[in-house]
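Below: one structure, written as structure tokens.
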Amino acid sequence: KGPFPIHIKLETGMNRLGFDEKDLPELIARIQDSDTIFIKSVFSHLAASEDPNHDDFSDVQISRFKENSAKITSAFYYPILRHI
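Count the sequence shown with the working numbering and you get residues 5 to 88, in order.
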């Protein structure tokens with residue numbers, strides 16, 4: 005058996021679940037040091053994507069997701085899926 009795939013949720017503005025930007029260095033280091041897990045995907049949820057009145061906030065969330073997911077994907081040699 006190989007390492008176990010994990011899916012990482014990023015906090016981008018819903019303020020419910022997910023890793024904050026400040027937690028990413030430690031998260032990355034712990035996963036890099038592990039031989040039992042690997043990152044299958046990084047994801048987040050938009051707080052109000054169904055409401056056009058909140059498009060500006062959705063844009064902020066997407067920007068945060070792109071920035072923070074890039075910090076993770078660039079730290080590993082294998083491909084990691086990203087979805088929001």
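For glycine and all other residues, C-beta sits at the position ideal for the given N, C-alpha and C.
Check                                                                                                                                                          : Outcome
Please state whether DSSP places I84 in a helix, a strand or coil.                                                                                             : coil
By DSSP, does S67 sit in helix, in strand, or in coil?                                                                                                         : helix
Comparing C-alpha positions only, which one of D60, A51, F61 and P83 sits nearest to N19?                                                                      : A51
Is any beta-carbon of chain D found at less than 9 Å from that of S48?                                                                                         : Protein chain content of the structure displayed is limited to a single chain, and chain D is not contained in it.
I'd like to check one pair, F8 with I41: are the Cβ atoms closer than 9 Å?                                                                                     : yes
Can you find the residues in the same chain that come closer than 6 Å, C-beta to C-beta, to L85, ignoring five residues on each side of it along the sequence? : S45
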